[in-house]
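Colleague: My questions will all concern the structure given below.
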Amino acid sequence: MFSPISKWFPQGAGEEKGPGLHVIPPSVRHFLYQATRTALLPATSFYGSHFGMGYWRMPATLIATRPDAGEYDPYYDRYISLIPSPDVLSTLSRQIKETLDVLSALTEEESNFRYAPDKWSIKELVGHVIDTERIMAYRALRIARNDKTPIEGFEQDDYVRYGPFSQCRLKDLLEEFGYVRNGTLCLLRNLNAEAWMRRGVAYNNEISVRALAYVIAGHELHHRSVLRDRYLSVMKRS
Ligand code: NI
1 MFSPISKWFP
11 QGAGEEKGPG
21 LHVIPPSVRH
31 FLYQATRTAL
41 LPATSFYGSH
51 FGMGYWRMPA
61 TLIATRPDAG
71 EYDPYYDRYI
81 SLIPSPDVLS
91 TLSRQIKETL
101 DVLSALTEEE
111 SNFRYAPDKW
121 SIKELVGHVI
131 DTERIMAYRA
141 LRIARNDKTP
151 IEGFEQDDYV
161 RYGPFSQCRL
171 KDLLEEFGYV
181 RNGTLCLLRN
191 LNAEAWMRRG
201 VAYNNEISVR
211 ALAYVIAGHE
221 LHHRSVLRDR
231 YLSVMKRS
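Here the sequence shown is numbered in the numbering used here, starting from 1 and rising by one per residue.
Here it is, written out as structure tokens:
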């Protein structure tokens, strides 16, 4: 998936510690810096203490961020398989804008729509996605920090039933969703490669931190499809 970075930047002859950073275009330098921050690259293998001072070191390999099948319960494939990208952090950052664009086109009245009496309203669906992201991010936090305590499950229908969503304004819920996503990104972006790969037990199943990141992205996308197919398409017809 990734080629070794040494292919892109062969070690320059005559420079003991590799070519100076100043020879690397700023956009590429920014990518490399972000890559170490987001665990695409192990930071320790890449920069010495001279980052910004003209020296860099080459990592042996890049670490792909996509989880392997053995890192999560197959149940979560329904979400993880929706995200083909090897860079889930960009996906999380891009997707939220797309989802909020779709939702912010709705009026308050439309956001109370449910396609059957026993189904969630659009606002409740949004509330469910927000709460699920909080819980998945919390699981990622616990596991990333090497907390071995098994993490409990949660009853999603109760969270909607006892949630405030039908009394909330759609506009406020969308703002909240943006804040929650930013919180998720702050948490995930600061993880090192070891934390990113760490596994723990949540809801009786082993799962890795990076698998949880993909679950968050895939769950959002899944519900955006539900919104389009079960809600918006029906609303347009009526
Ligand atoms: Ni869901």
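Where is the CB? At the ideal position from N, CA and C, for every residue including glycine.
Any idea what DSSP makes of Ile-151, helix, strand or coil?
Modeller: For the purposes of this step, residue 151 is taken as the residue at position 151 of the sequence shown. If DSSP states are grouped into helix, strand and coil, Ile-151 belongs with the strands.
Colleague: Where does Ala-217 sit, in a helix, a strand or coil, going by DSSP?
Modeller: Counted from its first residue, the sequence shown places residue 217 at position 217. Three-state DSSP puts Ala-217 in a helix.
Colleague: With a threshold of 7 Å on Cβ separation, who are the neighbours of Met-136 within its own chain once the five nearest residues in sequence on each side are excluded?
Modeller: Here residue 136 is taken as the residue at index 136 of the sequence shown, counted from 1. So the qualifying residues of the chain are Leu-212, Val-215, Ile-216.
Colleague: Report all residues from its chain with a CB closer than 8 Å to the CB of Leu-125; omit the five preceding and five following residues, and keep chain order.
Modeller: The residue given as residue 125 occupies position 125 in the sequence shown. Within the same chain, Leu-125 has close Cβ partners His-223, Val-226, Leu-227, Tyr-231.
Colleague: Based on the DSSP output, what are the partners of Arg-199 in its beta bridges?
Modeller: As a first step, residue 199 is located in the sequence shown; it is residue number 199 there, counting from the start. Bridge partners of Arg-199: Ser-208.
Colleague: Along the chain, where does the alpha helix (DSSP H) containing Cys-186 start, and where does it finish?
Modeller: For this step, residue 186 is matched to residue 186 along the sequence shown. Unbroken alpha helix (DSSP H) run through Cys-186: 170-189.
Colleague: Would you mind working out which of Asp-101, Glu-98, Tyr-75, Thr-65 sits nearest Asp-87, comparing C-alpha positions?
Modeller: What you label residue 87 is simply residue 87 of the sequence shown in a count that begins at 1. It is Thr-65.
Colleague: Is the beta carbon of Gly-127 sitting closer than 7 Å to the one on Gly-163?
Modeller: By one-based count along the sequence shown, residue 127 stands at place 127. By one-based count along the sequence shown, residue 163 stands at place 163. Yes. Within cutoff.
Colleague: Reducing DSSP to helix, strand and coil, say where Phe-165 ends up.
Modeller: On the sequence shown, residue 165 is found 165 positions in, with the first residue counted as 1. DSSP places Phe-165 in helix when its eight states are reduced to three.
Colleague: For Glu-71, does the count of other Cβ atoms within 10 angstroms reach 16, so buried, or fall short, so exposed?
Modeller: Sequence index remark: in the sequence shown, residue 71 carries index 71 (1-based). By the neighbour-count rule (16 or more Cβ atoms within 10 Å), Glu-71 is buried.
Colleague: Do you know how far the Cα of Leu-173 is from the Cα of Glu-98?
Modeller: Here residue 98 corresponds to residue number 98 of the sequence shown, with the count starting at 1. Here residue 173 corresponds to residue number 173 of the sequence shown, with the count starting at 1. For Glu-98 and Leu-173, the distance between alpha carbons rounds to 15 Å.
Colleague: Can you find at least 3 beta carbon pairs, one from the stretch 78-85 and one from the stretch 97-113, that sit closer than 8 Å?
Modeller: no
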